[in-house]
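End of the sequence shown = 177 in this note's numbering, gap-free, step of one.
We put the beta carbon where it would ideally sit given N, CA and C, even for glycine.
Since the structure is predicted, the reported quantities are computational estimates derived from the model, not experimental observations.
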Amino acid sequence: MAEEQVKEKDNFWFIIAGIIVATIALVLLLKQDETKHLKSGAVAELQKETFSKIEARKTSNVTGTQGN
110 MAEEQVKEKD NFWFIIAGII VATIALVLLL KQDETKHLKS GAVAELQKET FSKIEARKTS
170 NVTGTQGN
């Protein structure tokens, strides 16, 4: 009976370790999928467009050539 309890306890820690490893693997896979759009260059293009519009608005406020 004592051997069965020890064996069950050993299996318990293997299950816990398996759950931890599976969780870490899942997080890494989801994080990799989440950052795919950054590699495509779409974010950089959007930032460039946004900053150019901000810059145009700043200069239009100074010169008064374009309404807000």
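Straight-line CA distance for Ile133 to Leu155?
Residue 133 sits at position 24 when you count from the first residue of the sequence shown. Residue 155 sits at position 46 when you count from the first residue of the sequence shown. Using only the alpha carbons, I get a separation of about 32 Å.
Suppose you measure from the CA of Glu158 to the CA of Ile125; what does that come to, to the nearest Å?
Numbered from 1 along the sequence shown, position 49 holds the residue referred to as residue 158. Numbered from 1 along the sequence shown, position 16 holds the residue referred to as residue 125. Straight-line Cα distance between these residues: approximately 49 Å.
With DSSP run on the structure shown, which of helix, strand or coil describes Ser161?
Position 52 of the sequence shown holds residue 161. Helix.
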